[in-house]
Ligand code: ADP
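In my numbering, the protein residues as written are 18 to 183.
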């Protein structure tokens with residue numbers, strides 16, 4: 018059990034698939050909060066289909082956070098603030114890469130605050146080496162046979178190559 022004294026944080030995302038940038042944020046959050054719940058968005062009604070199933074996306078993350086005792090990974094298909102409340106979380110932690118993330122997050126922050134003023138949204142700046150790393154970029158790279166070393170965990174790279182090879 019961790020004793021950081023800052024309660025429980027949810028790190029939400031699609032994680033389709035998880036990248037080293039996501040894992041960097043999850044690891045850093047685990048050093049600040051007592052518990053971290055990685056919330057993998059699983060919305061069957063979502064228009065844009067994910068490449069990997071929620072089950073696979075959860076498993077990819079679980080395989081990488083082995084030694085972080087205070088991190089748990091769960092899929093969810095409800096409103097983020099409801100998911101956070103359900104697990105007793107007092108914070109939502111998100112990563113900020115470029116300025117382009119800011120506008121969207123600024124809006125989401127206001128909406129979530131309106132619905133749940135008791136849950137604070139906290140933003141962590143991406144580490145410089147991951148500032149331009151996104152799941153969609155990685156998928157595009159994989160589709161054209163690009164090298165995924167240093168961008169995603171090795172088992173994820175293998176699954177991406179398999180999934181996108183035609
Ligand atoms: P993506 O935008 O790559 O599809 P998600 O929707 O799964 O990612 O994002 C989950 C969270 O992780 C968001 O808060 C997002 O800003 C953050 N994040 C994504 N990629 C990175 C990265 N390379 N470095 C830091 N944070 C990131």
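Where is the CB? At the ideal position from N, CA and C, for every residue including glycine.
query                                                                                                                              : result
Do residue 114 and the ligand ADP come close, with the Cβ less than 7 Å from some heavy atom?                                      : yes
From the DSSP output, in three-state form, read off residue 89 for me.                                                             : strand
Is the closest heavy atom of the ligand ADP to the C-beta of residue 105 under 7 Å?                                                : no
Is there at least one non-hydrogen atom of the ligand ADP closer than 7 Å to the beta-carbon of residue 39?                        : yes
Can you tell me whether residue 31 is buried or exposed, with buried defined as 16 or more other CB within 10 angstroms of its CB? : buried
Is the number of C-beta pairs between the segment 102-111 and the segment 69-84 that are closer than 8 Å three or more?            : no
Under the criterion of a Cβ to heavy atom distance below 7 Å, does residue 118 qualify as lining the ligand ADP?                   : yes
Measuring only from the beta carbon, is residue 139 closer than 7 Å to any heavy atom that is part of the ligand ADP?              : no
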